[in-house]
Amino acid sequence: MSQLLRRLWTSPEKPPADAVVIHDPDARRPHDLDDPFFDRQVQSRMAETIAQARRKS
730 MSQLLRRLWT SPEKPPADAV VIHDPDARRP HDLDDPFFDR QVQSRMAETI
780 AQARRKS
């Protein structure tokens with residue numbers, strides 16, 4: 730019985746672990762939904778707007 734349990738516990742059929750683990754401690758914190766920079770798409774659009782304004786001046 731112990732051999733069976735040992736084989737099941739150490740079976741090689743476990744899925745491989747991810748190579749990269751991303752830890753974002755702010756992910757659990759509340760977000761200000763009025764903040765326009767919360768969304769990545771908004772961030773990139775605002776960055777482009779700022780860059781265009783800088784090019785014009």
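The number in the working numbering is simply the position in the sequence shown, starting from 1, with 729 added.
Note that CB positions come from ideal geometry on N, CA and C, so glycine has one too.
Using three-state DSSP, classify M730 as helix, strand or coil. Coil, per DSSP.
Three-state class that DSSP yields for T778 in the structure shown: T778: helix per DSSP, three-state reduction.
Secondary structure at V749, three-state DSSP: helix, strand or coil? Coil.
What's the C-alpha gap between A780 and P759? Going from the Cα of A780 to the Cα of P759 covers about 30 Å.
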